[in-house]
Amino acid sequence: MATDGQKVVLITGCSSGIGLRLAVLLARDTQRRFYVIATMRDLRKKAKLEEEAGVTLHETLVIRQLDVCCDESVTECLNGLQDRKIDVLVNNAGMGQIGPLESLSMQDMQKVFDTNFFGVVRMIKAVLPDMKRRKSGHIVVMSSVMGLQGIVFNDVYSASKFAIEGFCESLAVQLLKFNVNVSLIEPGPVNTEFEMKLMEEVAKSEFPGADADTVRYFKDVYLPASHEIFVTLGQSPDTVAKEVIKVIAMRKPVFRYLTNSLYTPLVAMKYADESGNLSVRSFYNLLFNYGTIFHLSMNLLKCITCNCFRRRTVTPS
Ligand SMILES: NC(=O)c1ccc[n+]([C@@H]2O[C@H](COP(=O)([O-])OP(=O)(O)OC[C@H]3O[C@@H](n4cnc5c(N)ncnc54)[C@H](OP(=O)(O)O)[C@@H]3O)[C@@H](O)[C@H]2O)c1
């Protein structure tokens with residue numbers, strides 16, 4: 016049970032990746048500032064979290080079932096909490112989807128929105144009355160740089176994150192009146208099971224309905240480039256989790272938080288040209304016309320972001 020002064024943090028999607036590491040790091044906080052309700056839709060997957068939680072399990076961390084796509088599951092989980100009290104809700108659960116649009120079924124696309132958009136809306140709607148009544152609360156949403164800039168072959172995933180950005184932007188204003196803060200976390204690529212799950216889906220698909228040229232661009236141009244981006248720019252789930260903890264601990268939390276500064280130019284480019292041409296044409300050229308420049312810039316970034324290089328440049332001789 017949470018003690019006085021401890022912030023109760025409920026996190027969705029803690030079976031793996033960012034959610035799992037965030038739950039563990041919050042629970043291990045040396046000042047015991049947090050009481051973590053780590054939720055997942057399938058409790059058969061809880062062993063990894065239990066193991067990583069170690070001695071914090073049942074002390075500062077408890078595990079509960081919660082499927083963000085299911086009303087009953089959300090209600091049951093919240094009703095099981097002491098006074099239904101949640102100080103911080105972290106909407107982390109999410110899923111990706113890549114591929115040529117023509118080959119994706121409407122049903123699969125709707126599943127992405129059901130999870131990444133309506134799942135978050137369902138959670139916020141459920142916790143809002145209590146937060147408003149108490150005039151206190153913090154809603155954190157795991158968005159993505161793809162919620163700010165659409166990325167080729169991620170059309171529906173990007174759209175689901177854009178949708179949640181718009182929803183939060185609108186809600187944040189109203190909620191400030193009730194002393195409830197909203198924060199969007201916008202990571203670039205993160206090395207979790209996320210990419211692997213997408214690759215498994217791609218391996219199974221025969222891309223029905225997509226023309227041969229599009230399938231070729233997807234397989235031979237997009238997939239290798241995407242993999243290179245994950246390897247070069249990808250952050251660890253721990254790095255992202257630590258950034259989220261900074262935001263949770265702020266007295267006046269920020270609304271937007273890009274976790275990977277290498278993505279700042281990408282966002283700046285979008286706002287630098289209101290016609291939208293600069294970003295659309297730059298991405299097109301980088302991917303389809305200037306592949307060599309793309310690989311060279313990735314290699315350069317690998318050098319710049321490499322730890323030993325950084326050490327060499329900052330350690331005084
Ligand atoms: N990895 C990246 O490159 C990246 C970049 C930017 C933003 N993000 C965002 O970060 C968040 C976490 O992703 P991750 O990288 O940690 O990937 P991950 O390891 O695949 O974790 C996703 C989590 O969401 C859970 N989930 C999916 N559908 C759910 C549902 N209906 N109800 C409850 N939980 C559900 C998954 O549970 P199951 O195990 O049951 O499937 C899993 O625990 C996502 O919102 C993602 O969009 C990721």
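Heads up: the sequence shown begins at 16 in the working numbering, then just goes up one per residue.
For each residue, glycine too, the CB sits at the ideal point set by N, CA and C.
Asked, Found
"Report all residues from its chain with a CB closer than 8 Å to the CB of GLU65; omit the five preceding and five following residues, and keep chain order.", "LEU72, ILE78"
"Give the straight-line distance between the Cα atoms of ASN169 and SER220, rounded to the nearest whole angstrom.", "15 Å"
"Does DSSP put GLU243 in a helix, a strand or coil?", "helix"
"Under a three-way DSSP split, which group does GLY134 fall into?", "helix"
"Threshold first: 4 residues or longer. Then list the alpha helix (DSSP H) segments lying entirely within the region 240 to 287, N to C.", "252 to 264, 279 to 287"
"Looking only at C-alpha atoms, which of VAL205, GLU184, GLY34, VAL282 sits nearest to VAL269?", "GLU184"
"Under a Cβ-count criterion, where at least 16 other Cβ atoms within 10 Å of its own Cβ denotes burial, should VAL329 be classed as buried or exposed?", "Confidence in VAL329 is poor, its pLDDT being 38 and thus under 50, which makes the residue's placement too unreliable to answer from."
"Given a cut-off of 8 Å, decide if MET110 and THR27 are closer than it, judged by their beta-carbon atoms.", "no"
"Look at the Cβ atom of MET347, then the Cβ atom of TYR172, and state whether they are nearer than 8 Å.", "Only positions 16 to 332 of the chain appear in the structure, and residue 347 is not among them; the question remains open."
"To the nearest angstrom, report how far apart GLY224 and GLY114 are at their CA atoms.", "12 Å"
"If the criterion is Cβ atoms closer than 8 Å, does the pair GLU201 and THR274 meet it?", "yes"
"Is CYS84 near ligand 1 - that is, is its Cβ less than 7 Å away from at least one heavy atom of it?", "yes"
"Can we count VAL205 as close to ligand 1, meaning its CB is less than 7 Å from some heavy atom?", "yes"
"Would you kindly check if the distance between the Cβ of ARG43 and the Cβ of ALA256 is under 8 Å?", "no"
"Which complete beta strand (DSSP E) runs does the region 24 to 64 hold, if anything under 3 residues is left out?", "49 to 55"
"Cutting at 6 Å between CB atoms, please list the residues of its own chain near SER30, excluding the five before and the five after it.", "MET55, LYS60"
"Could you work out which residue in GLU67, ARG266, SER159, SER120 is closest to ASN107 when comparing CA atoms only?", "SER159"
"Considering ILE200, what are the terminal residues of the beta strand (DSSP E) in which it resides?", "195 to 201"
"Closest to LYS126 by C-alpha separation, out of CYS84, ASN304, PHE298, ALA218, would be which residue?", "CYS84"
"Thinking just about the alpha-carbon of each residue, which of ASP129, ARG231, ALA17, ALA53 is nearest to the one in ALA174?", "ASP129"
"Within the same chain, show all residues whose beta-carbon is closer than 6 Å to that of LEU301, passing over the 5 residues directly before and after it, in chain order.", "PHE309"
"Would the region 176 to 190 count as touching the region 225 to 236 if we require 3 or more Cβ pairs under 8 Å?", "no"
"Is the distance from the Cβ of VAL259 to the Cβ of VAL105 below 8 Å?", "yes"
"DSSP beta-bridge partners for GLN80?", "MET55"
"Can you give the Cα-Cα distance for ARG99 and THR18, rounded to whole angstroms?", "15 Å"
"Per DSSP, which one or two residues make a beta bridge with LEU104?", "LEU25, ILE154"
"Please tell me whether, using a cut-off of 7 Å, the distance from the CB of ALA256 to the nearest non-hydrogen atom of ligand 1 is below it.", "no"
"Which partner residues does VAL205 have in the DSSP bridge list?", "GLN250"
"If you count every other CB in all the chains shown that lies within 10 Å of the CB of VAL70, and 16 or more means buried, which is it?", "exposed"
"Do PHE209 and ligand 1 come close, with the Cβ less than 7 Å from some heavy atom?", "yes"
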